[in-house]
Amino acid sequence: MEVAAPSLGSSRLERPHLVHTLLSVLKFLKLLSKRPTSHPLRCGFLLESPPPPGAVCPQMEFLGFLFNPLNLGSWIKDEWSLVYETSHVKENWIDPLMRWQPEVQELIDQLQGELTSQPSPPKSKAKVTEPKEFSLTTPRPRAIPVPELVPKVAETRPVPRSTYQPPKEQRLLEMTKRYNRWKAEELLLQANIEELRCAVPRSRGEPQLQDSKKKPRLRLPPRILKAQKLTFYTPNDNAPVKLNTAAILRERALYQRQVEKELQRVDRLVDGAGDFSEFLEWQRRMQAKDREEQLAAGEVRRLRGKLSHEEAALARQQVAQEKRRTAELKKEETAELMQRCAERRLQEEKSMKELVEQVLETQKNVKVAQTELRKGRRRIAQEVMEENRELLQRSAEAAKEEQKRRCDLVSQLRALESQPTRRGKLVDLTQIPGHGLEGEMSVVELRERLALLKETRRRQEEERRDQIIQGKRAKSQELRDTLEQVALCRAAMGRSAALRWEEKKARWAAAGAPSQDERVLELQRRIQEKAAERRARAASGHVPAPRAVRPKQRAQLEAQRRLELERSRERWLRAQQPGCEPARRLGAA
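Mapped onto full-length UniProt numbering, the consecutive letters of the sequence shown carry residue numbers 1 to 589.
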């Protein structure tokens, strides 16, 4: 380690990268030296490169910082321990540096004295800047670009016939719209014709003829549809449930607390504590009494609801009679209104026929004009296509000649170019770089060491994995034992709960049906009276037979139906002729 240090001038030390290099060399010499007598300061390494006057010596500051006992014992040791082992850092680095600290402090004082006694160098005059001529580089000749290939122009295809015709999808859509329109009009017409049939009252049995005698018939009560029965799904108590660790431990703690409470109760009974059997018997009697009162109250509520249902049925019968009288008045008014509407529709149909005739005449003129316009457009399109074809042929021939000339020129230029030479560098991975550093090794040796390090780490990970698996197995075995104990406790609790439930059912069966009180008897009597009154009204009332349709009204309905059919056909004809609107505009112009 005792080598001659290179002499560095003060001007060179002023550069930051040189100072960093000097401190790095000083650090390696100090840390890698094996003897305290071979300290780098004894070789004059620091004294031969003093800083300029008035400047701070970086070597002195670095050594003062490195050999400070407070820094060595605190964060420097911690940072080195992150990379290397703590025992290695303490034995090989921290302890030797602490032993050399007094000697280094003396050398730092010596360096400080040398710096203070060193005379200041004379100031040198700054060099005058000498301008130099600005030499322009000769420009390189521009490379001749490779011409792009002119694409071949595809032959133009003639204009298809579908250009001058409406698309097929549009025609299908129009046909679908017209069909849907016609279907909707037919349904509307049928609904308008049959809208009054529901107002004619009829009996529930066979329809009576006009010549038959009218016989009073009893009106059947309205049908009451029964609601669907509710479906109740019984829960599956035997379904397996997967419990986690926390649930198993909580359940075990719960059963342990219950067992402790039961043991404490047994101990109290053994010590002479009182029993709650008398209190429980009194509580059971009171609960039975309360239950009887609740059942009686529920029966009263049910009978009140039944009574309100009977009263509502009587009210509905009265409302039905009033509605029948109102319906008869409405039928007479509706017949008069229908006769007026039929007369007004006849007048509208006459005016619509005249309008349709005018539209048909204008439509013929529009079709002739459209055919002449299509012929003119086709003639112009053919002339334009011929001119475009001639221009494209001329431009294609000129482009081919220009492309051929450019390709010949490029081939001549490429023949004059020289081929580039290949330059390669061979690297020997088994050779040591030879930079003069301690512990240098080749790339092959470095790879071998890294492989050994990976193998060691893999072995450690496997050992750690085996330890974790063993711990998990022990924990799972403990959980299985706990789960077996919990299952036993749960089965015992279930059996005790089943016994208690059987006792409770036996007590309820022994209690018997609830006793009848005065309120229930009174409500039953009133319900019977209301039901008898409702049946008497239903038997006394009769349903009127449907009146026969008058011949005059039937003739009016037939005439109205024919008019609606004619109107729907005319609208369908107008919808099939799309040129009616342009024709009307041309006629107006």
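C-beta atoms are modelled at their ideal positions from N, C-alpha and C, and glycine is treated no differently. Computed from a prediction, not measured in an experiment: that's the story for all the values here.
- With 16 or more neighbouring CB atoms inside 10 Å of its own CB, F67 falls in the buried class.
- A direct Cα-to-Cα measurement between E361 and Q382 gives close to 34 Å.
- Inter-segment contact for the segment 469 to 487 and the segment 242 to 249 is present: three or more beta-carbon pairs are separated by less than 8 Å.
- Along the segment 60 to 116, the alpha helix (DSSP H) occurs as fully enclosed runs of 4 or more residues at 77 to 83, 86 to 89, 95 to 99, listed in sequence order.
- Using a Cβ distance threshold of 8 Å, M385 and T156 count as a contacting pair.
- In the structure shown, T138 falls within a coil segment according to DSSP collapsed to helix, strand and coil.
- For T176, the enclosing alpha helix (DSSP H) stretches over residues 168 to 193.
- Within the same chain, and ignoring the five residues on either side of L307 in sequence, the residues whose Cβ sits closer than 8 Å to its Cβ are L523, R526, I527, K530.
- Annotated three-state conformation of G471 is helix, per DSSP.
- For R561, same chain residues with a beta-carbon under 6 Å away, outside a window of 5 residues either side, are I193 in chain order.
- Pairing E185 with R571 gives a Cβ-Cβ distance under 8 Å.
- With respect to the 8 Å criterion, V104 and L72 are not classified as neighbours on the basis of their beta carbons.
- Linking R345 to L563 through their CA atoms gives a straight-line distance of about 8 Å.
- In the DSSP annotation of this structure, the continuous segment of the alpha helix (DSSP H) that includes D267 starts and ends at 245 to 271.
- DSSP places V300 in the helix class (H, G or I) of the three-state scheme.
- A straight-line Cα-Cα distance of about 8 Å links L111 and M60.
- Scanning its chain for C-beta atoms nearer than 6 Å, with the 5 sequence neighbours on each side dropped, one finds around L392 the residues V153, in chain order.
- Inter-residue distance for E558 and Q339 is about 12 Å (C-alpha atoms, whole angstroms).
- Under the Cβ criterion (8 Å, minimum of three pairs), the segment 406 to 417 counts as touching the segment 131 to 147.
- Around the beta carbon of L565, fewer than 16 other beta carbons sit within 10 angstroms, so the residue counts as exposed.
- If the five residues before and after S568 are omitted, its C-beta is found closer than 8 Å to the C-beta atoms of W182, E185, E186, L189, all from its own chain and listed in chain order.
- In this structure A369 is not in contact with Q556, their Cβ atoms being roughly 46 Å apart against a cut-off of 8 Å.
- Pairing Y255 with V520 gives a Cβ-Cβ distance that is not under 8 Å.
- Of the candidates R301, T138, L314, D95, the residue whose Cα lies closest to the Cα of A536 is L314.
- Distance between S442 and R465, taken at the CA atoms: about 35 Å.
- H435 carries a coil assignment under DSSP once its states are collapsed to helix, strand and coil.
- If you look at S540, you'll find it in the alpha helix (DSSP H) that goes 518 to 540.
- By the C-beta criterion, the segment 373 to 382 is judged to be in contact with the segment 158 to 166, since at least 3 inter-stretch pairs fall below 8 Å.
- M441 sits in coil when the DSSP states are folded into three classes, being neither helix nor strand.
- A residue is called buried when at least 16 other Cβ atoms come within 10 angstroms of its Cβ; I469 does not meet this threshold and is exposed.
- With at least 16 other beta carbons inside 10 angstroms of its own, V366 counts as buried.
- P131 sits away from R406, with the two beta carbons spaced by 8 Å or more.
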